[in-house]
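Numbering (our numbering), first residue to last: 379 to 794.
Ideal Cβ positions, reconstructed from N, Cα and C, are used throughout, including at glycine.
Comments concern the structure below.
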């Protein structure tokens, strides 16, 4: 006779694995629920993460939370459903913590942090001459010629500025993001869904965050390179950066990679990704000079906001979350206490935080009950600010003069 009542884990499925309370277990066990493909680390050297000698206790650091109360880093980690947390300072491991279902060698869903890695792949392909960011998307994927992506360029989707209508509202069951999920598992697949999208405005307008943009970008990269995204991620990023563990990436039922949020990776390998970005795209895996993995021009282009990119963000709903920020090459940029920080963000609390000014990389993997929780996000970023400032003795920069393109009257920098 079957077990009755059904155990909590037996109730988790491809349809509900992101929902609470299932996601506290399923984030670590996605491979048991949906199809995945391997992103191999190969058999090359691993980027070392040496333990910091006499690391400080960061948990007691205080910060002002978004509700106006004072809390500690430990309070924030406890209150925001943390599955994994790790910190690097100047390449040394300062702190690392895991929930019972996980560990340093266990992959966790990173969701939209995946977007940043697809952006890295695109950057390498542009640098090699395989991909032209100014060419039309339909030059690479003619199947999109009768969709809203007709007339859009690769650059438009890199910065999420196409005119395609796509509602990314996780609270609305009728939203496009929900419809796309149904096509992935039980429908005709991701690429068939992308061919149904229509134009909603002119291309090149304000920034509007839409997962479909990255899925189109991933499809374009595959066509430009003549390879699947699993191989591109492995050959262009995972192997050369010195990942320690193989990653996995979710696929739809017909075998297409879910470019917008499918990667499963360890917290330590996300630290390595952050360190690679901090090192301006280079890594030293053996004796000798550092080896370049990501194009310097690509990273400089992302960090160096101009008036057009800044205004596109200032006119978007995201401005209220990151005043003075921008989105470029599939990375978020936030102006914080210690200068500009690069962020890779995923729903349900996945994040990589890279501070060039303080030399700090922070990673947090989570199982938030809701896809989006602005208070949890801002409290975590403030905790990371407190950590990075404490490790370097950096003082808050406070508000800075506005960058070109800042809309008059909008604040920039500092805490609320």
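Classify residue i as helix, strand or coil using the three-state DSSP reduction.
i: residue 627; result: strand
i: residue 448; result: strand
i: residue 776; result: For residue 776, the predicted structure reports a pLDDT of 46, less than 50, and the residue's modelled location is therefore unreliable. The matter cannot be settled from this model.
i: residue 461; result: strand
i: residue 588; result: coil
i: residue 697; result: helix
i: residue 542; result: strand
i: residue 486; result: strand
i: residue 394; result: coil
i: residue 601; result: helix
i: residue 704; result: strand
i: residue 717; result: strand
i: residue 643; result: strand
i: residue 790; result: Here residue 790 scores only 25 on pLDDT, less than 50, and its place in the model should not be relied on; the value that follows carries that caveat. The answer is coil: DSSP assigns residue 790 none of H, G, I, E or B.
Along the chain, where does the beta strand (DSSP E) that runs through residue i open and close?
i: residue 558; result: Careful: residue 558 lies outside any beta strand (DSSP E), inside the alpha helix (DSSP H) at 554-562.
i: residue 709; result: 709-714
i: residue 617; result: Element bounds for residue 617: n/a, residue is neither H nor E.
i: residue 470; result: 470-476
Identify the residues that DSSP records as bridge partners of residue i: which are they?
i: residue 729; result: 723 and 742
i: residue 736; result: DSSP output for residue 736 lists no bridge partner at all.
i: residue 417; result: 625
i: residue 658; result: Partner(s): none; residue 658 has no beta bridge.
i: residue 481; result: In the DSSP output, where bridge partners are listed per residue, residue 481 has none listed.
i: residue 632; result: In DSSP, residue 632 forms no bridge with anything.
i: residue 441; result: 449
i: residue 467; result: 470 and 738
i: residue 577; result: 542
Indicate whether residue i and residue j have their beta-carbon atoms separated by less than 9 angstroms.
i: residue 633; j: residue 580; result: no
i: residue 503; j: residue 572; result: no
i: residue 563; j: residue 392; result: yes
i: residue 661; j: residue 464; result: no
i: residue 725; j: residue 489; result: yes
i: residue 641; j: residue 628; result: yes
i: residue 768; j: residue 434; result: yes
i: residue 678; j: residue 537; result: no
i: residue 704; j: residue 722; result: no
Let's see if you can read the secondary structure: which residues bound the alpha helix (DSSP H) around residue i?
i: residue 329; result: There is simply no residue 329 to check, as the chain begins at 379 and stops at 794 in what is shown.
i: residue 676; result: 674-681
i: residue 583; result: Per DSSP, residue 583 belongs to no alpha helix (DSSP H) and is neither H nor E.
i: residue 753; result: 752-770
i: residue 518; result: 515-518
i: residue 348; result: One cannot answer for residue 348 here, as it falls past the ends of the chain, which runs 379 to 794.
Looking at the C-beta of residue i, does it have a partner C-beta in chain E at a distance below 9 angstroms?
i: residue 522; result: Judged by its chain identifiers, the structure shown contains no chain E, having just a single protein chain.
Counting pairs of Cβ atoms below 8 angstroms between the segment 581-592 and the segment 684-693, do you hit three or more?
yes
Under 8 angstroms, with one C-beta from each stretch per pair, do the segment 495-514 and the segment 723-738 reach the 3-pair mark?
no
Do three or more CB pairs link the segment 648-658 to the segment 477-484 at distances below 8 angstroms?
Result no; under three Cβ-Cβ pairs closer than 8 angstroms.
Do the segment 438-451 and the segment 742-760 make contact, defined as three or more Cβ pairs closer than 8 angstroms?
yes
For the 8 angstroms Cβ check, are there 3 or more pairs between the segment 520-529 and the segment 616-630?
no
I'd like to know if the segment 584-601 and the segment 665-678 are in contact, where contact means that at least 3 CB-CB pairs between them fall below 8 angstroms.
no
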